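Report on one structure; see the data block that follows.
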Amino acid sequence: MTWLELAEGVYARRYEELDLTVGLVVGAEKCLVIDTRGDVDQGAELAAAVREITPLPWIVAYTHAHFDHAFGTTPFLPCEVWAAEGCRAELDSFGDDARRKWAKSYLEQGKPEIADALERTEIERPDRVVDTEVTLDLGGRTAVLINLGHAHTDHDLVVHVPDAGVVFAGDTVENGPAGFTADSFGVDNDLTNWPAALDRILALCPKIVVPGHGEPVGPAFVAEHRDGMASLSVLDAAVTAGELTVVSALARSPYPEDVTRAALSRNSARPSESA
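Using the numbering used here, the letters of the sequence shown correspond one by one to residues 97 to 371.
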């Protein structure tokens, strides 16, 4: 784990656990912490790491409600916690189930310390909502919180730092071995709208885009995977309509088989016979 200084006062912090990337934007009066990691102990580590950079009061923003991005908030409180419309409802409906699921998973992986930390974690709901867009004044610098709508989740939020040309994209952008990975996809994804969400990021003309997982990337990477997501969306629609088999879709996809299967798996009853 290490801080990467992307521009003056703008940082990404990389973690080996889940290949997670979080962010920090420092102004003259306040700082903004973008995602808080996955449990109370991980959040405490991040809070201490932020204090190595700045003593300023902090604000927290969630890019989305998934546990690895939003469950480490307690050590930062009291403070404002911002998220897109829909994030709080997701945490209310599914947060406790996600905590139990991942605690069990970490026990099975032989990581009891993370499982224990999850059991001790309080899930902190956001108290500030971004309907469309909110500009935060950090003192001599602004950070713009943008509700992208439905892509990786139904409440994806990105953070644009205009003076630095940096966008923190959460899991709307991921940087795995093939770009997006099989873990990028779940039942709450929307392949139809995801390319448009990536277009909105590109419209900000960023120099650097910080993914929710993996190393920071440039706009060419986002454009490549905007096109890849558009291809997946077309294949998904064709398979759903019965115009294409899953095997044929796998052959035409720009992504590896495991990624494509994960993207198409929301209809589990689809046939997988040969074309």
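Yeah, the Cβ is synthetic: ideal placement off N, Cα and C, and Gly gets one too. This one's a predicted model, so the numbers in the text were calculated from it and none came from an experiment.
Requested in this report: Check D227 in the structure and name its three-state DSSP category.
Outcome: coil
**Report entry** 3 or more residues per run - each beta strand (DSSP E) lying fully within the segment 101-154
**Finding:** 106-110, 117-122 and 127-130
Requested in this report: Decide if V177 is buried, meaning its Cβ has at least 16 other Cβ atoms within 10 Å, or exposed.
Outcome: buried
**Report entry** Same chain only: Cβ atoms within 6 Å of P350, ignoring 5 sequence neighbours per side
**Finding:** G324 and S327
Query raised in the report: Is the beta carbon of L232 sitting closer than 9 Å to the one on F163?
Result: no
Requested in this report: Within the same chain, show all residues whose beta-carbon is closer than 7 Å to that of G310, passing over the 5 residues directly before and after it, in chain order.
Outcome: D115, T117, E270, N271 and G272
**Report entry** Three-state class that DSSP yields for A247 in the structure shown
**Finding:** coil
Query raised in the report: Is DSSP giving I219 helix, strand or coil here?
Result: coil
Query raised in the report: So the beta strand (DSSP E) H256 belongs to, where does it begin and stop?
Result: D252 to V257
Query raised in the report: Taking the continuous alpha helix (DSSP H) assigned at F317, which residues delimit it?
Result: P315 to T336
**Report entry** Under 9 Å between C-beta atoms of A358 and L287
**Finding:** no
Query raised in the report: Do you know offhand how far D223's Cα is from V122's?
Result: 21 Å
Query raised in the report: DSSP on L232, reduced to helix/strand/coil?
Result: strand
**Report entry** Endpoints, beta strand (DSSP E) assigned at A180
**Finding:** V177 to A180
Query raised in the report: Between the beta-carbon of L142 and the beta-carbon of G105, is there less than 9 Å?
Result: no
Query raised in the report: Could you give the C-beta distance for A48 and G236, rounded to a whole number, given that I count them as a contact under 8 Å?
Result: Coverage of the chain is limited to positions 97 through 371, which leaves residue 48 absent and any answer about it impossible.
Query raised in the report: Tell me which same chain residues have a C-beta within less than 7 Å of the C-beta of A180, skipping the five on either side of it?
Result: V226, N243, H251, D252 and L253
Query raised in the report: Are P315 and L298 closer than 9 Å when you measure CB to CB?
Result: yes
Query raised in the report: What residues are listed by DSSP as bridge partners for W99?
Result: R109
Query raised in the report: Secondary structure at G65, three-state DSSP: helix, strand or coil?
Result: Here the chain comprises residues numbered 97 to 371, so residue 65 is not present and cannot be evaluated.
Query raised in the report: Between L173 and the rest of its own chain, which residues show a CB-CB distance below 7 Å, the 5 nearest in sequence each way excluded?
Result: E220
**Report entry** Per-residue DSSP class, three states only, for H160
**Finding:** coil
Query - Nearest-angstrom Cβ-Cβ length linking V53 and V262, presumed shorter than 8 Å - result: Examination of residue 53 is not possible in this model, given that the chain is present from 97 through 371 alone.
Query raised in the report: Rounded to whole angstroms, how far is the Cβ of L100 from the Cβ of C127, which I believe are closer than 8 Å?
Result: That pair is no contact at about 16 Å.
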